[in-house]
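Using the numbering used here, read the sequence shown as starting at 4 and increasing by one per residue. From the three backbone atoms N, C-alpha and C, an ideal C-beta is built for every residue, glycine too. Comments concern the structure below.
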Amino acid sequence: APTVAMIRAKAVLMKRLKGLGLLIIDHLLYHGRPDPRMGEFEAIRANLQALKKLAKDLHIPVILLTQLKAEYDAMREVRRPTDSDIYGGSALRQEADVLAFIYREEVMLLKREPHKEADGYGSWQGRLINSLGKAEIILSKRRGGIGHGIRTMGFIAARTQFTDDVGRSVAIARDAYFGRTPEQQRL
4 APTVAMIRAK AVLMKRLKGL GLLIIDHLLY HGRPDPRMGE FEAIRANLQA
54 LKKLAKDLHI PVILLTQLKA EYDAMREVRR PTDSDIYGGS ALRQEADVLA
104 FIYREEVMLL KREPHKEADG YGSWQGRLIN SLGKAEIILS KRRGGIGHGI
154 RTMGFIAART QFTDDVGRSV AIARDAYFGR TPEQQRL
């Protein structure tokens, strides 16, 4: 696994040779521990601190992606994720300047589709149809600023595209869900 020191060396070189305006790192837990004797929390925190220093030294934003814990995915309940649902949650909460989630209720509902004859299938389907073509950006933490909360945006899955035009993305998603072709959509 690449260490944060290796990422730093590559980023510094890239900044010097070609310029670097943004660094996106996927995925938090794939990076080695600075010291093998460190526990998971300490290692995550040390890596986060090193990445914050890198961002400051290179004068660039660093976006660090992580995933939700398996327990979140295994839940039967459909709910928005919280800080405690991500790997390294408490260390991230302490060190991150911004902590944000992308939540698509449609995806969670499709993973939990009940049998068509099951009680509650109609309400599940109604909830699914209402969620099509939407994504929520959940701003959980923003150090030194305002803006906590949830913003609903349009999401066009076929292009992995976010848009402010929620109505258009909902129409596209519903057409795809109900199997209408682009030609049928024009009628």
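(request) Would you give the residue range spanned by the beta strand (DSSP E) that residue 164 belongs to? (result) 164 to 166 is the extent of the beta strand (DSSP E) around residue 164.
(message) Give me, in chain order, the residues of the same chain whose beta-carbon lies closer than 6 angstroms to that of residue 177; leave out the 5 immediate sequence neighbours on both sides.
(response) 135
(request) Please name the residue or residues paired with residue 137 in a DSSP beta bridge. (result) 157
(message) So for residue 9, helix, strand or coil by DSSP?
(response) Residue 9: helix per DSSP, three-state reduction.
(message) Quick check: the Cα distance between residue 133 and residue 74, rounded to an integer number of angstroms?
(response) 26 angstroms
(request) Specify, as a first and last residue, the run of the alpha helix (DSSP H) that residue 110 falls within. (result) 108 to 114 is the extent of the alpha helix (DSSP H) around residue 110.
(request) Kindly identify the DSSP beta-bridge partner or partners of residue 66. (result) Paired residues: 27.
(request) Label residue 19 either buried or exposed according to how many other C-beta atoms from any shown protein chain fall within 10 Å of its C-beta, with 16 as the threshold for buried. (result) exposed
(message) I'd like to check one pair, residue 10 with residue 67: are the Cβ atoms closer than 8 angstroms?
(response) no
(request) Look up residue 190 in the DSSP assignment and say whether it is helix, strand or coil. (result) Its pLDDT being 40, under 50, residue 190 is placed unreliably in this model, and the value from its coordinates should be taken loosely. Note: residue 190 maps to coil in three-state DSSP.
(message) Determine whether the beta carbon atoms of residue 137 and residue 173 lie at a separation below 8 angstroms.
(response) yes
(message) Between residue 162 and chain D, is any beta-carbon pair separated by less than 8 angstroms?
(response) Of the chains in the structure shown, none is chain D; there is only one protein chain.
(request) Measuring alpha carbon to alpha carbon, tell me which of 49, 22 and 98 ends up nearest residue 35. (result) 49
(request) Specify the secondary structure class of residue 104 as computed by DSSP and reduced to three states. (result) Three-state result, residue 104: strand.
(request) Could you tell me the boundaries of the alpha helix (DSSP H) in which residue 47 lies? (result) 43 to 61
(request) Identify, in the order they occur along the chain, each residue of the same chain with its Cβ nearer than 8 angstroms to the Cβ of residue 118, setting aside the five sequence neighbours on each side. (result) 124
(request) Going by CA-CA distance only, name the one from 76, 122 and 15 that's closest to residue 113. (result) 76
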